[in-house]
Every structure is written in structure tokens, then in C-alpha cells.
Amino acid sequence: MESASTAAASAVARPAVPGLAATTAILAAAGVALLAGLLVGFWIAPTDASTLGFSQKIFYFHAPIAETALLAYGVAFVAALLYLRRGAARYDRLGVAAVRLGLLFSLLVMVTGVIWGRAAWGVWWAWEPRLTTFLIACLLYSAYFVLRGAVEDESRRATYAALFAVVAFVDVPITFFATRFLPAGLHPVVLGPSGSGMDYRDLIAFLISMAGMTLLFVGLLRLELGIEALREELREIKYRLGR
Amino acid sequence: MGLRQYRAMVRKDIVRELRTRETVVAMLLFVVLAMVVFHYAFTVPGGGDLSLLTGGMLWVVFVFGALLGLNRTFAHEKDEGCFDGLLLCPVDRVTIFLAKMTANLVFLGLIQVIAVPLFALFFATGRMATHLPAFLALVVLADLGIAALGTLLATIAMHTRARELLLPIVFLPLVIPLLIAAASGTSAVLSGTAGSGSVLGRLAFLLVYDGVFLVLAYGTYDVAIGE
Chain H
1 MESASTAAAS AVARPAVPGL AATTAILAAA GVALLAGLLV GFWIAPTDAS
51 TLGFSQKIFY FHAPIAETAL LAYGVAFVAA LLYLRRGAAR YDRLGVAAVR
101 LGLLFSLLVM VTGVIWGRAA WGVWWAWEPR LTTFLIACLL YSAYFVLRGA
151 VEDESRRATY AALFAVVAFV DVPITFFATR FLPAGLHPVV LGPSGSGMDY
201 RDLIAFLISM AGMTLLFVGL LRLELGIEAL REELREIKYR LGR
Chain F
1001 MGLRQYRAMV RKDIVRELRT RETVVAMLLF VVLAMVVFHY AFTVPGGGDL
1051 SLLTGGMLWV VFVFGALLGL NRTFAHEKDE GCFDGLLLCP VDRVTIFLAK
1101 MTANLVFLGL IQVIAVPLFA LFFATGRMAT HLPAFLALVV LADLGIAALG
1151 TLLATIAMHT RARELLLPIV FLPLVIPLLI AAASGTSAVL SGTAGSGSVL
1201 GRLAFLLVYD GVFLVLAYGT YDVAIGE
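These protein sequence lines are chains H and F, in that order.
Position 171 of the first sequence, counted from 1, bears residue number 171 in our numbering, the numbering being contiguous throughout.
Counting from 1 along the second sequence, just add 1000 to a position and that's the residue number in our numbering.
As C-alpha cells, then:
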């Protein structure tokens, strides 16, 4: 009897994040895929024959992160459109979680980009179209959180955040095109119109890493949403307790 | 969209500005001050040629100057409590957007009519006169983009805490593509390569940029203005 009440008490004291088991499985799969991608990239894929040499290996990290960041912004864009159309709070929560992760991945793009830039071009920073676009995206989506912080009313905050997410997502490709007006062009074009130009082993390593990074994003997104649901529940309980 | 209401609203903003003269005078003073600051900030020992920087300087000055005016877009309505009156008018929300955008465009254009000749005088860019059509086209298209995007964001910022702080943070990253195209286009005009494909490419880009943000503002203004 006593043990049952202790179990009940611990269940109350430690509420579980909804869908935690599935999220953990996804994150574990992401870890395995990322590790496998690195193993294939480092041991099986040949070292780049061009001037990039060994430094090209960071590509298995850098490019999947960049594409995942864009995916996150895409998710935020769709969530924003859905919020503007239907007005359900869950789309707002999805949007915030996606932008937060997009920002995190964008910062990682910049960090890995800076490291690669130093190794490949000999400079820490180059005002180069893609890197610059990610810098501007970072600034843009940071502004998203400044905007959220400046609006008190909850539904209005969600509406403006959704509006801004739509405008920002449209602006990112425009920025990319605009940076082409500036003289620069250091970035290697890996997946161009003339095929990938990669060894098939490179491609396998890249695709495995890409899958891993996408799974990582999905897992983190689920975790964020689960935590947010818990917070919501906590707010509800506090409200009911009259605090 | 009601043309009569549109004209009445634009007229109201311009008459109000003619009476108070606060926004345009402040913008103009800011723009001239910024030119002076730039001159001293960028002069290198030995008197290097500043003309290479003029395209960029000109548009930095205009974008920041425009921010001052954009911040005031709804200031009077908010301060005097007649914003609700504006919303209660039997007027399409898009008409309010177009009227406010036009007023912002007029104020920015007014500043430029004075500032551009001054700029040519200060930074000795006599070439501006020889390629006037290309330069004017750049100015018109860039101004339209600044006014469209700026009016939409100013409307959102109006309902927030510390709106004067928020507007630059949300406006500047979004306006960077426009700034790149306008500044590099102006530099191409001033360096005498106007007429070549480079300026045309930038004009086409600005046209697309304007179109995208006008459509976005048109589609979302109902939500942006609230209530």
C-alpha cells in the first residue's frame, strides 16, 4: 500500500515529457546515423584530390547542418501560414520551436563554415554569398525573438511572430540572390547542375549524415514541443491553484 | 479600394506634416549630419578617393533616414488616440496601408530631392548628372521597397513595447538585399558603367523585391493592423 502511494507520488513529482520514448528512439537513431556518416566519410570515402584535401571532410557535417537549418525555417514558415489561417496555439508553438532550432543550426553553420573557410581559403571569414546569407538569417531570426519579447498579448504575439516568420522566410532566398551582386565566389559548389561531382562513397557519407541531421532536428523538435506542453500544463496547474 | 478615401488619408498626412514639419525636418537634418559624419569617418590620411564609397554611403544614409520617418508612421494616431477612429472608418485596411506607404514615400522623396544634390556637391560626384535616368530609376524602385516593407513593419511595431527600438531590429535585416542592389547599382552608375547589364540586373532585382513585399503586405495587412 505504502509502495503504491510512493509510486503515485513520484509519478506526480516527475511528469514525463509526452512521447518521450519515441523521441529518445529518434535521437538515438540520429546519433547512430551521424556517427556512421562520419565513419564512412573519414575511413571509406577518399580524401579530396583538389586543393581542399583533408579539410573537405568537414563537409559531411557542414552541409547537412546548413540544409537542416533551412528545413527548420521551412517548417516555421508552414507553421506560420497554418497559424495565420487557423489560429490554433499549437502552430505557434511549432513555429517557435522550429525557429529556435533553425537559429541553433544556423549558428553551427557559421562555426563550421568559419573553420572550413580558414582551412580552405586561409581566411577566417569571407563575405561570400552563402555564409553571408546565413549570417543575415541569424540576425533575422534573432529579431523574431526580440519581436516576440516586445508583445504582451499572447494571441497578438503569435500573430505577429507568424507574420514575421513568413516575411523572413521569403527574404532569405532574396538575400542569397542579392549577395551575388557582390564580387566574391569562393564557395565550392558541390551539388551543382552538372551533377554532384562526388565520388559515390562521398555521396553515401553525405546522405547518411544528412539523414542523421534531419533525424536530430525531428527529435529535438519533438523534445521542444513536449517540454512546451509540460510548461503549458504547469501554467494550468498554477492557475488552478490560484498562484 | 476607395480612391477617395486613399486621397483623403494621404492628404491628411501631408497637411499634418506641413503644419508640424517635425518628421521631414528631422529626417533631412539627420541625413545631412550623417553625410558630414561619413566624410570625417572615412577620410584616410593623404586624402584617398571617396567616390568608390559613395554608392554605399548614400544608401546607408537613406535607409537610416527613412527609419526615422517610418517610426513616425502611426505616431500621431497613437499619441492622439485617433487610431481606433481610423480603424472604425469604413475603409479597406489595404487602403490604409497604401495611404501610409504613399505618405512615407513622399517624405523620403522630399528628403532625396534636397539630399542628392548636396551629396553630389560634397562628394564631387559630377557623374551623377550624366547618368541621371539610371540613377533615378534606382532611387524610385529602392524607395518603393523601403516604403512598402517599412510601412508593414512599422504597423506591427506600433503595437509593441519600445516600438522605436524594435523597428530597426526587424527592418534592417530584411532591407539588406535592397541595400546591396541599390548601393552596388549606384556605384556602377557613378563609376560610369551604367547602361551595362549590371545596372539593369539590379533594377530588375529591385522590381522583384518591391513586387514580393507589396504582395506580402497586401495579403497580410488585415492581420498586421490588428483589431
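Glycine included, every Cβ here is placed at the ideal spot set by N, Cα and C.
Less than 8 Å between the C-beta atoms of residue 166/H and residue 81/H, yes or no?
Indexing the first sequence from 1 puts residue 166/H at position 166. Indexing the first sequence from 1 puts residue 81/H at position 81. Against a cut-off of 8 Å, the Cβ pair of residue 81/H and residue 166/H comes out as a contact.
Measure the alpha-carbon distance for residue 1150/F versus residue 1002/F and round it to whole angstroms.
The count along the second sequence starts at 1 and reaches residue 1150/F at position 150. The count along the second sequence starts at 1 and reaches residue 1002/F at position 2. Distance between the alpha carbons of residue 1150/F and residue 1002/F: 22 Å.
Checking contacts by CB at 8 Å: is residue 235/H closer than that to chain F?
Within the first sequence, numbered from 1, the residue matching residue 235/H stands at position 235. No, no contact with chain F.
Are the region 167-181 of chain H and the region 101-116 of chain H touching, with three or more C-beta to C-beta distances below 8 Å?
Cβ pair count under 8 Å is below three, so no.
So which residues on chain F does residue 152/H lean against when the C-beta distance must stay under 8 Å?
Against the first sequence, residue 152/H aligns to sequence position 152. Here the neighbours are 1161.
Whose CA, out of 1206/F, 1008/F, 1198/F, lies closest to the CA of residue 1102/F?
Here the question's residue 1102/F lines up with position 102 in the second sequence. Closest by alpha carbon: 1008/F.
Mind pulling the chain F residues with CB within less than 8 Å of residue 247/H?
In the structure displayed, chain H extends from 1 to 243; residue 247/H sits before or after that span and is not available.
Closest to residue 1030/F by CA distance: which of 1060/F, 1223/F, 1139/F is it?
Taking the second sequence and counting its residues from 1, the one referred to as residue 1030/F is at position 30. Out of 1060/F, 1223/F, 1139/F, 1060/F has the C-alpha closest to the C-alpha of residue 1030/F.
Could you check how far apart the C-beta atoms of residue 1015/F and residue 84/H are, in whole angstroms? I think they sit under 8 Å.
One-based indexing of the second sequence puts residue 1015/F at position 15. One-based indexing of the first sequence puts residue 84/H at position 84. Between residue 84/H and residue 1015/F the Cβ distance is about 35 Å, and since that is not below 8 Å, they are no contact.
In terms of residues, what are the limits of the alpha helix (DSSP H) holding residue 1112/F?
Counting from 1 along the second sequence, the entry for residue 1112/F is found at position 112. First-last of the alpha helix (DSSP H) with residue 1112/F: 1093-1122.
Taking the alpha helix (DSSP H) that residue 1054/F falls in, what are its first and last residues?
To locate residue 1054/F, count along the second sequence from 1; it is residue 54. Start and end: 1054-1071.
Using the three-state DSSP reduction, which class does residue 127/H fall into: helix, strand or coil?
Along the first sequence, one-based indexing puts residue 127/H at 127. Here residue 127/H sits in coil by DSSP.
Are the C-beta of residue 1150/F and some C-beta of chain H separated by less than 8 Å?
As a first step, residue 1150/F must be located in the second sequence, where it is residue number 150. With 8 Å as the cut-off, residue 1150/F does not count as an interface residue toward chain H.
Output needed in chain order: residues of the region 1199-1212 of chain F with a Cβ under 9 Å from some Cβ in chain H.
From the region 1199-1212 of chain F, only 1201, 1202, 1205, 1208, 1209, 1212 have a Cβ closer than 9 Å to chain H.
Taking 8 Å as the CB-CB cut-off, is residue 104/H touching chain F?
Along the first sequence, read from residue 1 onward, the residue named residue 104/H stands at position 104. So, not an interface residue.
Any beta carbon from chain F within less than 8 Å of residue 178/H's own beta carbon?
The residue labelled residue 178/H in the question sits at position 178 within the first sequence. True, the Cβ-Cβ gap to chain F drops below 8 Å.
Would you give the residue range spanned by the alpha helix (DSSP H) that residue 1133/F belongs to?
What you label residue 1133/F is simply residue 133 of the second sequence in a count that begins at 1. Run containing residue 1133/F: 1132-1158, per the alpha helix (DSSP H) assignment.
Is the beta carbon of residue 1065/F closer than 8 Å to that of residue 1190/F?
Residue numbering aside, residue 1190/F sits at position 190 when the second sequence is read from its first letter. Residue numbering aside, residue 1065/F sits at position 65 when the second sequence is read from its first letter. Not closer than 8 Å, so no.
Here's a check: name, in chain order, each residue in its chain whose Cβ is nearer than 7 Å to the Cβ of residue 1027/F, leaving out the five neighbours to either side.
Indexing the second sequence from 1 puts residue 1027/F at position 27. Cβ within range, chain order: 1065, 1068, 1069, 1107, 1111.
Quick one: give me the first and last residue of the alpha helix (DSSP H) that residue 199/H is part of.
The residue labelled residue 199/H in the question sits at position 199 within the first sequence. Here residue 199/H belongs to no alpha helix (DSSP H), and DSSP marks it neither H nor E.
Assign residue 16/H to one of three DSSP states: helix, strand, or coil.
Residue mapping note: residue 16/H aligns to position 16 of the first sequence, counting from 1. Three-state DSSP puts residue 16/H in coil, outside helix and strand.
Using the Cβ count rule (16 or more neighbours within 10 Å means buried), how would you classify residue 40/H?
Here residue 40/H is taken as the residue at index 40 of the first sequence, counted from 1. Result: buried.
Given a limit of 7 Å on CB to CB distance, which residues of the region 126-138 of chain H reach chain F?
Against chain F - using a Cβ distance shorter than 7 Å - the residues of the region 126-138 of chain H are 136.
Under a three-way DSSP split, which group does residue 148/H fall into?
On the first sequence, position 148 is the one that residue 148/H refers to. In this structure, residue 148/H counts as helix in the three-state DSSP scheme.
Which residues of chain H have a Cβ atom closer than 8 Å to the Cβ of residue 1184/F, listed in chain order?
Looking up residue 1184/F in the second sequence gives position 184. Under the 8 Å cutoff, chain H gives 181, 182.
Quick one: give me the first and last residue of the alpha helix (DSSP H) that residue 43/H is part of.
Working through the first sequence from its first residue, we reach residue 43/H at position 43. Counting along the chain, residue 43/H falls outside any alpha helix (DSSP H), and DSSP gives it neither H nor E.
Within 10 angstroms of its Cβ, does residue 1211/F collect 16 or more other Cβ (buried), or is it exposed?
By one-based count along the second sequence, residue 1211/F stands at place 211. Exposed, since its Cβ has fewer than 16 Cβ neighbours within 10 Å.
Would you give the residue range spanned by the alpha helix (DSSP H) that residue 1012/F belongs to?
Counting from 1 along the second sequence, the entry for residue 1012/F is found at position 12. That run of the alpha helix (DSSP H) goes 1003-1020.
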